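Enquirer: Please read through the structure below; I'll follow up with questions.
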Amino acid sequence: MGKTKLFILSFVLLFAGMQLVQAQEIKTKDVFKKSVKVNGRVQYDLEFLSRENASDNFVGNEFRRVHLSVAGKIAPNLKYKVEVNFANGSIGFRDVYMQYTTKKIGNFALGSMAEPTGLDMMTSSKYSPFFERAMLTSLQDFRWGTGFHYDNFNLLKGKMTFQMALTNKGVNGEGFIDKNLDDGVNYIARVTSAPFQNKDKHQVVHIGLNFASRPYKELKFRAENHMGSKYHYVFDGADRRTEIGAEFGSTFGALSVQGEYKQQSYNVENLDYTMSSYYAMVSFFITGENRPYKNAAFGRVKPIKDINNGGFGAFELLARYSSMNASGDVVTNANNLALPSQISNVSLGMNWYLTSYVRVMYNFLYTDDNNISDGKLTGHLVRFQLDF
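Below you can see the structure in the form of C-alpha cells.
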C-alpha cells in the first residue's frame, strides 16, 4: 500500500511540475526559444606497427571514436550537453554537464568536461592535427573529469583566460561513480594569454601555464599510437602527484607552431619520483588555410575551396618531436627496471580536408625507447574521419 501511495504522489508531483513548466513556457514564449542540436563524430583507424628486430609486426583497425551528443540551451543563460562514446562497444560518458553562462564573470558548470590542462588537451580530437595527442598528455590520464568547472575567456578584453576545475575520476563507463570519493579529488587551474592577435591576417601568439594536483595513479601510456604496447610505471609509496606545465602556440597564416612542457612529481620522502615530458610541432597548409584559434584552443579548419565547391580541399603537412623522461629513482624502482628512462618519438604526417567536416589523415611514427633487443618502433597510421 505504501508503494502505491508513493507512486500516486510521484505522479501528481510530476504532473504538477509539467503544468508549471508549460505555464512558464507560455509566459516566456516570445522571449526565449529552447534549442537542441545533435552532433556526432566517427574516426576509423588503421595501424601498422613494427620493430626493427622483431618478427611479430602488428596490423590492426578500430573505431577510435564514435561520439553522439545533444546540446543546447534551456534558458538564456543555461546550457547543457550530453555526449557519449560508443567506440568500445559500450557507452562511455564524455561531455555531460549543465552550465550557467555570464558575460562579465565567466561560466560555471557541473558535470563532466575536459579538464583544463594544456593546449593539446584542450583542442578537440576533431581538430587535432595528429592521430594521438603528444605523450605529455598521458600524465593526465583520462581527459574528462566530473565535478565543478569554471572558465572566463574575456579577461583583459579577451587577451587573457582563466580556467579551473575541482573534479573526480570515477569510471566514465559507469556514470563516473566513485563511492566515498575513493578515487580522490583533482585540483586543476590554467591561465593563458594571447598577447598578440590579428584576426584579419590569421595571426596569434598563445602562452599559458597550468597546474594540477591529483591522487596517486600508476602511469600507463603508449608512444602516440593507440593499439601498440603500453609502458607501465609504478611509484611505490606515493599518495598524490603534482603537475606543472607551460604552453606555447602561434599561427602566422598557413604556418603554425606549438609546444608544451610538463613535469609531474610524486610525493615520496627521500625519493625523486619525477616524470617530465615535452613536445614541439609545426604545421603548414600548402593550400593556404590556417588553424583557427578561439578560447585558448585551436578549432575547425575551413578549406578555401572544398570538394563541394569544385575544389580539392585543404592539405596540411605536419612534423612533431616529443619526449618522455623518467628520473633516476623511477627507473631504479624494482617494478620499473625493464622500462626506459627516456622515450622519444618523431611523427610526420599529412592531412587532407575534403570539407570542414571530412578529412583523411596519415601519420608516420618513429619511436626510440632504448629497446636493444627489438629495436626502434615504426608505425604507419591512417584515419578516416567525419563529424556533423
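At position 65 of the sequence shown the residue is numbered 64 (numbering that gives the first Met the number 0), and the sequence of numbers has no breaks. Note that beta-carbon positions come from the ideal geometry of N, C-alpha and C, so glycine has one too. A quick note: this is a predicted structure, and the numbers were derived from the prediction, not measured.
If you run the structure through DSSP and keep just helix, strand and coil, what is Val-330?
Expert: helix
Enquirer: Can you pull the DSSP bridge partners for Thr-250?
Expert: Beta-bridge partners of Thr-250 (DSSP): Val-203 and Ser-255.
Enquirer: Alpha carbon to alpha carbon, how far is Tyr-186 from Gly-309?
Expert: 50 angstroms
Enquirer: By alpha-carbon positions, which one of Pro-214, Asn-153 and His-225 ends up nearest to Phe-130?
Expert: His-225
Enquirer: Looking at the structure shown, is Met-226 part of a helix, part of a strand, or coil, going by DSSP?
Expert: coil
Enquirer: Can you tell me whether Ile-306 is helix, strand or coil according to DSSP?
Expert: The answer is helix: DSSP assigns Ile-306 an H, G or I state.
Enquirer: For Phe-175, count neighbouring C-beta atoms within 10 Å of its own C-beta (all shown protein chains included) and say buried if the count is 16 or more, exposed if not.
Expert: buried
Enquirer: Relative to the C-alpha of Ser-282, which candidate in Ser-34, Phe-251, Val-95 and Gly-169 has its C-alpha closest?
Expert: Distances from the CA of Ser-282 to each of Ser-34, Phe-251, Val-95 and Gly-169 were compared; the closest alpha carbon is that of Phe-251.
Enquirer: Assign Thr-27 to buried or exposed, taking buried as 16 or more other Cβ atoms, counted over all protein chains shown, within 10 Å of its Cβ.
Expert: Only weak support exists for where Thr-27 lies, its pLDDT of 48 falling under 50; the value from the coordinates is given anyway. The residue is exposed, with fewer than 16 neighbouring Cβ atoms inside 10 Å.
Enquirer: Compute every distance between the C-beta of Asp-199 and the non-hydrogen atoms of the ligand FAD, then say whether any falls below 7 angstroms.
Expert: Among the ligands in the structure shown, none appear at all, so the ligand FAD cannot be discussed.
Enquirer: Would you check if the stretch 373-384 and the stretch 44-51 touch, i.e. whether three or more CB-CB distances between them fall below 8 angstroms?
Expert: yes
Enquirer: Does the stretch 321-330 touch the stretch 288-305, meaning 3 or more C-beta pairs lie closer than 8 angstroms?
Expert: no
Enquirer: I'd like to confirm the pairing. Which residues does DSSP put opposite Gly-71 in its beta bridges?
Expert: Tyr-79
Enquirer: Are three or more beta carbon pairs between the stretch 189-199 and the stretch 220-237 nearer than 8 angstroms?
Expert: no
Enquirer: For Val-300, is the classification buried or exposed, using 16 other Cβ atoms within 10 angstroms of its Cβ as the cut-off for buried?
Expert: buried
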